[in-house]
Every structure is written in C-alpha cells, then in structure tokens.
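Numbering (this note's numbering), first residue to last: 8 to 89. A virtual CB, placed ideally from N, CA and C, is assigned to each residue, including glycine. Because the structure is a prediction, the values reported are computed rather than measured. What follows is a single structure, written as structure tokens, with notes after it.
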C-alpha cells in the first residue's frame, strides 16, 4: 500500500523558505533535472529510488542554495533560521 501526503499552502503551516523552494523547483524543472540524470519512468519502485538517489540530494542542495541566496539578498530568513 502506498500512502501519499499533500500539503495545502492555505491550510498547512508552510514556511516561507519551503514555499520559495516549491516555486523555484517546480514540477517542470524537477522532471527536467531527473530526466537529465536518467530517471524517466515513474513506477512506484522507481519513485522511491529517484527521491533517495544522489541526483535527488543534489537537486535539494541546489534548491537550498538558491533559496538561501535569494533570502540573503532580500533580507529574509533562511531555512536554517526558521
């Protein structure tokens, strides 16, 4: 059995940096990134493998750097500060 969780930006407590990560990352960008790193199919087993992969860690690091950089330039809090 597979359980999926969906968060609502209106109902759930989502931090500003989390929202910025979603905006900067986006589905289109994530799909392109994972495709570039060899993840083209979307079966349940492949999803687990994809999101635990080295590519996924790299993608999260890239997004975090972009959000931190954006927050620093605008004077907002960063992921580690919120």
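Tell whether a beta-carbon distance below 9 angstroms holds between residue 27 and residue 78.
-> Mapped onto the chain shown, residue 27 falls at position 20. Mapped onto the chain shown, residue 78 falls at position 71. Between residue 27 and residue 78, the C-beta gap is smaller than 9 angstroms, which places the two residues in contact.
Residue 59 to residue 81 span [Cα, whole Å] | Here residue 59 refers to the residue found at position 52 of the chain shown. Here residue 81 refers to the residue found at position 74 of the chain shown. If you take the alpha carbons of residue 59 and residue 81, they lie about 32 angstroms apart.
Secondary structure at residue 20, three-state DSSP: helix, strand or coil?
-> Residue 20 sits at position 13 when you count from the first residue of the chain shown. Three-state DSSP puts residue 20 in coil, outside helix and strand.
Rounded Cβ spacing between residue 46 and residue 66 (contact assumed at less than 8 angstroms) | Against the chain shown, residue 46 aligns to sequence position 39. Against the chain shown, residue 66 aligns to sequence position 59. That belief does not hold up - the Cβ atoms of residue 46 and residue 66 are roughly 10 angstroms apart, past 8 angstroms.
Compute the beta-carbon to beta-carbon distance between residue 70 and residue 20, rounded to the nearest angstrom, for a pair I have assumed lies under 8 angstroms.
-> What you label residue 70 is simply residue 63 of the chain shown in a count that begins at 1. What you label residue 20 is simply residue 13 of the chain shown in a count that begins at 1. 20 angstroms between Cβ atoms; not a contact.
Just the C-alpha distance for residue 55 and residue 13, rounded to the nearest angstrom, thanks.
-> Taking the chain shown and counting its residues from 1, one reaches residue 55 at position 48. Taking the chain shown and counting its residues from 1, one reaches residue 13 at position 6. Those two C-alpha atoms are separated by around 17 angstroms.
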